[in-house]
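Protein sequence lines, in the order shown, are assigned to chains D and U.
FYI, the numbering for the first sequence is 171 to 516, going by my numbering.
FYI, the numbering for the second sequence is 171 to 516, going by my numbering.
Below is one structure, written out as structure tokens; comments come after it.
There are 2 protein chains.
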Amino acid sequence: MVRLVDIARQAGVSVMTVSRVLRDAPDISAATKLRVRTIAQQMGYVPDVMAQGLRTRASRLLGVLLPNVTDPAASRLLLALEERTHELGFDLLLAQSLHQADREELCLRRFLARRVEGLFIAPVYRLTPFAPVYADLRRRGTRVVVLGPRPPFCEDFVGVEGDDVAGSSFATRHLLELGHRRIACLAGPPQSPVAQAQLEGYRRALREQNLEPDDRLVFKAGVTFEDGARAASQMLAENAGATAVQACSDAVATGAAAALLAHGLRIPTDISLVGYGNLPGTEHHRVPLTTVSQPKYRLGTAAIEVMLRLLRTEPAETRRLPAELVVRSSTGPPQRQIQLWTQGNA
Amino acid sequence: MVRLVDIARQAGVSVMTVSRVLRDAPDISAATKLRVRTIAQQMGYVPDVMAQGLRTRASRLLGVLLPNVTDPAASRLLLALEERTHELGFDLLLAQSLHQADREELCLRRFLARRVEGLFIAPVYRLTPFAPVYADLRRRGTRVVVLGPRPPFCEDFVGVEGDDVAGSSFATRHLLELGHRRIACLAGPPQSPVAQAQLEGYRRALREQNLEPDDRLVFKAGVTFEDGARAASQMLAENAGATAVQACSDAVATGAAAALLAHGLRIPTDISLVGYGNLPGTEHHRVPLTTVSQPKYRLGTAAIEVMLRLLRTEPAETRRLPAELVVRSSTGPPQRQIQLWTQGNA
DNA sequence: ATGAAAGCGCTAACAG
DNA sequence: CTGTTAGCGCTTTCAT
Chain D
171 MVRLVDIARQ AGVSVMTVSR VLRDAPDISA ATKLRVRTIA QQMGYVPDVM AQGLRTRASR
231 LLGVLLPNVT DPAASRLLLA LEERTHELGF DLLLAQSLHQ ADREELCLRR FLARRVEGLF
291 IAPVYRLTPF APVYADLRRR GTRVVVLGPR PPFCEDFVGV EGDDVAGSSF ATRHLLELGH
351 RRIACLAGPP QSPVAQAQLE GYRRALREQN LEPDDRLVFK AGVTFEDGAR AASQMLAENA
411 GATAVQACSD AVATGAAAAL LAHGLRIPTD ISLVGYGNLP GTEHHRVPLT TVSQPKYRLG
471 TAAIEVMLRL LRTEPAETRR LPAELVVRSS TGPPQRQIQL WTQGNA
Chain U
171 MVRLVDIARQ AGVSVMTVSR VLRDAPDISA ATKLRVRTIA QQMGYVPDVM AQGLRTRASR
231 LLGVLLPNVT DPAASRLLLA LEERTHELGF DLLLAQSLHQ ADREELCLRR FLARRVEGLF
291 IAPVYRLTPF APVYADLRRR GTRVVVLGPR PPFCEDFVGV EGDDVAGSSF ATRHLLELGH
351 RRIACLAGPP QSPVAQAQLE GYRRALREQN LEPDDRLVFK AGVTFEDGAR AASQMLAENA
411 GATAVQACSD AVATGAAAAL LAHGLRIPTD ISLVGYGNLP GTEHHRVPLT TVSQPKYRLG
471 TAAIEVMLRL LRTEPAETRR LPAELVVRSS TGPPQRQIQL WTQGNA
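What follows is the structure in structure tokens.
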């Protein structure tokens with residue numbers, strides 16, 4: 171391992187001179203600069219960032235904690251985060267909580283021990299209103315940007331998030347505009363902040379049209395394909411009379427589509443379907459899915475921007491980014507008969 | 171920031187004692203152990219891993235360099251890597267090359283400056299047989315596990331990879347067994363090692379059945395949906411008389427499917443189609459895709475196992491993991507007439 | 001324009 | 001069982 175001293179000896183100068191040259195510090199003659207640089211190059215010198223950091227008290231390290239890098243939304247965010255982070259001269263530590271609060275805590279403590287200068291965290295949802303690690307982060311004044319909705323225990327941190335109530339209401343409004351009046355909602359887990367926002371958006375859009383949300387049209391669906399299939403089957407079994415279905419995720423929507431088609435319904439002729447998330451590939455599904463897209467990459471760049479302000483100790487605010495409706499072919503106007511029927515019923 | 175000295179003062183012992191206690195070193199009385207621990211806890215002590223590392227010359231840092239974390243295969247691998255890495259007590263540095271050789275080089279140099287103890291690299295393919303960074307890695311004796319096929323400039327490193335020639339030949343054999351004789355191949359970029367392996371597997375399976383590979387059945391397809399659509403259209407335009415198509419990726423296969431269906435062909439009734447990669451969601455596509463699956467998660471755990479051997483300076487060998495055919499409904503026996511026609515032609 | 005001394009927070013090596 | 005000394009590789013500070 172080549173150190174500064176080695177170069178210094180070789181070049182016949184002091185360690186300080188070498189240090190200065192290699193950091194492009196001022197007050198060095200062009201001659202020594204060149205000589206030292208050449209020798210350093212020849213000897214294959216690589217600075218020791220840890221030693222530098224110990225002295226300068228700067229780690230140039232950022233950490234990102236995600237539930238699971240496999241989630242397409244998370245990975246797009248990570249793409250952006252990594253890209254910008256490196257441009258800014260930071261290295262990026264990655265950890266996954268795997269949706270386990272204790273693993274999250276462990277990972278965060280390790281990040282702290284690495285003296286990270288900032289942290290991007292997509293928090294594991296806890297039922298408790300407090301989480302000791304977050305208290306520690308606060309106490310230590312660690313810069314934190316929360317990715318996604320902020321549960322109670324970290325409400326005071328800044329963050330970046332998609333606007334899920336607006337996103338969800340886009341979906342509902344789209345169906346409304348097509349003429350649907352009975353729109354079923356396959357809702358996510360009630361504890362999930364995203365699911366709550368989606369339900370809120372759905373109801374809000376309904377009320378805008380003076381339609382009173384009907385709880386018999388809201389079905390618990392979870393998050394998976396199977397959850398979606400189950401929920402759709404149940405909806406059919408209950409004879410809810412919906413002409414359109416809005417799901418809390420594309421996976422759920424896909425499962426619902428499968429169940430609906432299996433029951434002999436045509437999409438969108440007999441029933442319309444909207445997903446959520448714009449999962450890659452849904453445009454090639456059996457029925458290309460109309461869905462809501464959150465700007466995943468933009469969320470990443472926004473997170474970096476916020477972090478940058480934090481690092482400069484400038485005031486930073488939580489950013490809420492707008493969602494976008496992606497219309498494909500799983501939605502269309504309701505069938506005339508059913509439409510008449512619902513109108514007669516309304 | 172609380173340091174060992176602070177605790178030492180508070181507890182009325184030497185720094186060394188505190189250090190020993192906190193590292194669970196032997197030869198410390200239970201009493202002091204307890205006392206020091208309590209105080210450390212109270213003061214909110216967090217060890218400085220950088221300082222520890224500087225002294226012990228161990229960074230407990232592993233680095234992973236991927237082209238793009240957004241690729242589902244890469245992200246599954248990363249999932250496994252992160253999981254195991256943390257269990258082993260290492261932190262994980264993440265970087266993306268974005269398929270750019272110079273960015274790859276930069277990232278690797280930064281990893282070296284961090285004194286990583288090991289590196290997982292999915293190399294950017296270069297046309298040149300040498301790459302200076304890799305020479306440096308060699309010279310410095312950095313532990314490296316190459317992810318995926320190893321281009322010439324890093325052939326001497328150990329790695330883990332999927333068996334793409336076997337995987338590809340599984341696909342071909344499957345079509346052969348269904349009775350297909352004229353199987354088109356939508357091939358990937360000729361420089362890509364994976365694409366080469368796939369072509370090799372395709373040809374090998376054909377020859378096993380004493381069928382001479384026909385170059386007029388091989389079409390350049392690239393890697394995207396659009397590439398696939400283009401290639402399939404070209405195949406149709408050239409009247410190649412294929413009863414089945416085997417694509418170099420699921421994206422290409424999906425594009426091909428779209429083109430084929432647009433031309434009025436039914437899949438698999440009129441023509442069979444096999445993809446490659448088992449992209450998440452392909453089971454819900456317009457035509458659920460028969461495809462070849464590489465054990466992405468297993469590749470990650472295998473990479474860790476190899477790294478572990480490297481870290482222990484035990485001999486380590488490159489691991490090649492078997493692929494698996496996933497039969498869904500894009501493949502079936504060829505139509506009788508066409509079959510007769512091809513037989514008459516063969 | 002260059003160098004000497006000191007120390008970042010920690011631990012290995014040795015002493016008692 | 002506990003403490004002292006030295007030093008990891010680097011940079012800050014102050015001197016020349």
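Ideal Cβ placement from N, Cα and C applies to all residues, glycine included.
Check	Outcome
Let me check understanding here. Comparing Cα to Cα, which of D:Ala210, D:Leu307, D:Arg279 and D:Ile441 lies closest to alanine 265 of chain D?	D:Arg279
Which full runs of the alpha helix (DSSP H) of 4+ residues lie inside the stretch 388-469 of chain D, going along the chain?	395-407 and 420-432
Please report how far the alpha carbon of glycine 332 of chain D lies from the alpha carbon of leucine 491 of chain D, in whole angstroms.	5 Å
In or out: threonine 208 of chain D buried (at least 16 other Cβ within 10 Å) or exposed?	exposed
Using a Cβ cut-off of 7 Å, which residues of the stretch 232-251 of chain D contact any Cβ in chain U, in chain order?	Asn238, Val239, Thr240, Ser245, Arg246, Leu248 and Leu249
Please return the same chain residues whose Cβ sits closer than 6 Å to the Cβ of glutamine 368 of chain U, not counting the five positions on each side in sequence.	Asp334, Ser338 and Cys418
Looking at chain U, which residues of the stretch 209-229 of chain D have a Cβ within less than 9 Å of any of its Cβ atoms?	Gly214, Val216, Pro217, Asp218, Val219, Met220, Ala221, Gln222, Gly223, Leu224, Arg227 and Ser229
With DSSP collapsed to three states, give me the class of glutamine 509 of chain U.	Its pLDDT being 44, under 50, glutamine 509 of chain U is placed unreliably by the model, and the measurement read from it follows with that caveat. DSSP places glutamine 509 of chain U in helix when its eight states are reduced to three.
Against chain U, does alanine 283 of chain D count as a neighbour if the rule is that its beta carbon must be under 8 Å from one of theirs?	yes
Touch check for the stretch 376-396 of chain U and the stretch 347-366 of chain U: three-plus C-beta pairs under 8 Å?	yes
Looking only at its chain, what residues have a beta carbon closer than 8 Å to the beta carbon of isoleucine 353 of chain U, apart from the 5 residues adjacent to it on each side?	Thr342, Leu345, Leu346, Tyr372, Leu376, Leu387, Ala412, Thr413, Ala414, Val415 and Gln416
Quick check on this structure: which residue in D:Ser199, D:Gln211, D:Asp194 and D:Arg193 has the alpha carbon closest to the alpha carbon of glutamine 180 of chain D?	D:Gln211
Would you say isoleucine 508 of chain U faces chain D, with C-beta separation under 8 Å as the test?	Low local confidence applies: a pLDDT of 48 at isoleucine 508 of chain U is under 50, so the model's placement there is unreliable, with the coordinate-based value given in what follows. Chain D contact via Cβ: absent.
Please compile the residues from chain D whose C-beta is within a distance smaller than 9 Å of the C-beta of arginine 309 of chain U.	Gly214
Using a Cβ cut-off of 7 Å, pull out every chain U residue sitting near leucine 263 of chain D, in sequence order please.	Asp261, Leu262 and Leu263
Run down chain D in chain order and give the residues with a C-beta less than 8 Å from the C-beta of threonine 394 of chain U.	Result: empty, since nearest Cβ-Cβ is about 12 Å, beyond 8 Å.
Between alanine 486 of chain D and the rest of its own chain, which residues show a CB-CB distance below 6 Å, the 5 nearest in sequence each way excluded?	Val328, Val476, Arg479 and Leu480
According to DSSP, simplified to helix, strand and coil, what is valine 496 of chain U?	strand
Below 8 Å, how does it come out for the stretch 285-303 of chain D and the stretch 231-245 of chain D: are there three or more Cβ pairs, yes or no?	yes
For the alpha helix (DSSP H) holding glutamine 222 of chain U, just list the boundary residues, first then last.	219-226
How many Å lie between alanine 428 of chain U and leucine 469 of chain U at the Cα?	31 Å
If I'm right that leucine 539 of chain U touches leucine 263 of chain D with Cβ under 8 Å, what's the distance once you round it to whole angstroms?	Since the first residue shown for chain U is 171 and the last is 516, residue 539 of chain U is missing from the structure and cannot be characterised.
Considering only residues of the same chain and omitting the five flanking positions on each side of valine 496 of chain U, which have a CB-CB separation below 6 Å?	Asn448, Thr461 and Ser463
Report the option in D:Ala399, D:Pro321 and D:Leu381 whose CA atom is closest to the CA atom of alanine 271 of chain D.	D:Pro321
Could you tell me whether the Cβ of glutamate 347 of chain D comes closer than 8 Å to any Cβ of chain U?	no
Suppose you measure from the CA of proline 383 of chain U to the CA of arginine 351 of chain U; what does that come to, to the nearest Å?	10 Å
Touching or not, the stretch 242-259 of chain U and the stretch 298-312 of chain U, by the rule of three or more beta carbon pairs under 8 Å?	no
Determine the contact status of threonine 202 of chain D and threonine 187 of chain D, defining contact as a CB-CB distance below 8 Å.	yes
Please identify the residue among U:Gln222, U:Glu274 and U:Arg254 whose C-alpha is closest to the C-alpha of threonine 471 of chain U.	U:Arg254
Sorted by chain position, which residues of the same chain lie with C-beta nearer than 7 Å to aspartate 440 of chain U's C-beta, five sequence neighbours on each side aside?	Gln505
List the endpoints of the continuous beta strand (DSSP E) containing glycine 311 of chain D.	First-last for glycine 311 of chain D: undefined, no H or E at that position.
Rounded to whole angstroms, what is the Cα-Cα separation between proline 363 of chain D and aspartate 326 of chain D?	16 Å
Considering only their Cβ atoms, is the gap separating valine 315 of chain D from alanine 493 of chain D smaller than 8 Å?	no
Using Cβ-Cβ distances below 8 Å, what residues of the stretch 440-457 of chain U are close to chain D?	Leu449, Pro450, Gly451, Thr452, His454, His455 and Arg456
Is it the case that the CB of serine 338 of chain U approaches a heavy atom of the ligand SAH more closely than 7 Å?	This structure simply doesn't include the ligand SAH, nor any ligand for that matter.
What is the DSSP secondary structure of isoleucine 209 of chain D, reduced to helix, strand or coil?	helix
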